[in-house]
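*Asks:* Residue numbers (my numbering): 161 to 345. Yeah, the Cβ is synthetic: ideal placement off N, Cα and C, and Gly gets one too. I'd like to ask you about the structure that follows.
Dropping the structure here:
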């Protein structure tokens, strides 16, 4: 079986050049050989590292699976030194709360709801007398009818004032119906 390696064939009759080329070729072949060993060595080291990682992973999983041999568990019930004192305070506070609740249930009101209602009705009457417009008219639907509007400068002023009035009434959340009898061009 033949080697796949390239055979060096001298192509010159000059002995000096032949020797120089052969030396360069031998150096090249040595570098290739060393490079091949390096590649094989890297692969072997990677296999060794992977094997070591698998071994450590197995060891860690075994450690996590077993509870261990040390007796460092603290399996005891926690006890409070002031438990009785806190229970006594809780009982006294609950008794005080019951006494306060009893006193509040026995207490009679100083003001009557009927008197408050009468005062409110008097206040409403006073507001109706003082106000410029009667109460409750804002809740009704407002209808404006314009039969004829002249085309003048006052026309623009009137439209602007209507727009301002509409904005103000929408702010009060009231409905407005504006009916124009004649279309404005």
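Helix, strand or coil, according to DSSP, for residue 226 in the structure here?
*Replies:* Counted from its first residue, the chain shown places residue 226 at position 66. It is coil, neither helix nor strand.
*Asks:* So, with DSSP's three-state summary, where would you put residue 236?
*Replies:* Taking the chain shown and counting its residues from 1, one reaches residue 236 at position 76. Coil, per DSSP.
*Asks:* Mind checking which residues open and close the alpha helix (DSSP H) that includes residue 281?
*Replies:* Locating residue 281 in the chain shown gives position 121, counting from the first residue. Residue 281 -> alpha helix (DSSP H) spans 273-290.
*Asks:* Secondary structure at residue 188, three-state DSSP: helix, strand or coil?
*Replies:* Position 28 of the chain shown, counting from 1, holds the residue named residue 188. Helix at residue 188.
*Asks:* Start and end of the alpha helix (DSSP H) containing residue 241?
*Replies:* Numbered from its first residue, the chain shown carries residue 241 at position 81. Per DSSP, residue 241 belongs to no alpha helix (DSSP H) and is neither H nor E.
*Asks:* Rounding to the nearest angstrom, what Cα-Cα distance links residue 284 and residue 273 in this structure?
*Replies:* Here residue 284 refers to the residue found at position 124 when the chain shown is read from its first residue. Here residue 273 refers to the residue found at position 113 when the chain shown is read from its first residue. Their backbone Cα atoms lie some 17 Å apart in a straight line.
*Asks:* In three-state DSSP terms, what is residue 173?
*Replies:* For the purposes of this step, residue 173 is identified with residue 13 of the chain shown, where counting begins at 1. Here residue 173 sits in coil by DSSP.
*Asks:* Got a sec? Which residues, its chain only, sit under 7 Å from residue 192 by beta carbon, not counting five neighbours each side?
*Replies:* Taking the first residue of the chain shown as position 1, residue 192 is located at position 32. Correct list: empty, nothing qualifies.
*Asks:* So, helix, strand or coil for residue 268, using DSSP?
*Replies:* Numbered from 1 along the chain shown, position 108 holds the residue referred to as residue 268. DSSP places residue 268 in coil when its eight states are reduced to three.
*Asks:* Taking the straight line between their C-alpha atoms, what separation do you get for residue 247 and residue 257?
*Replies:* In the chain shown, counting from the first residue as 1, residue 247 sits at position 87. In the chain shown, counting from the first residue as 1, residue 257 sits at position 97. Residue 247 and residue 257: Cα-Cα distance of roughly 15 Å.
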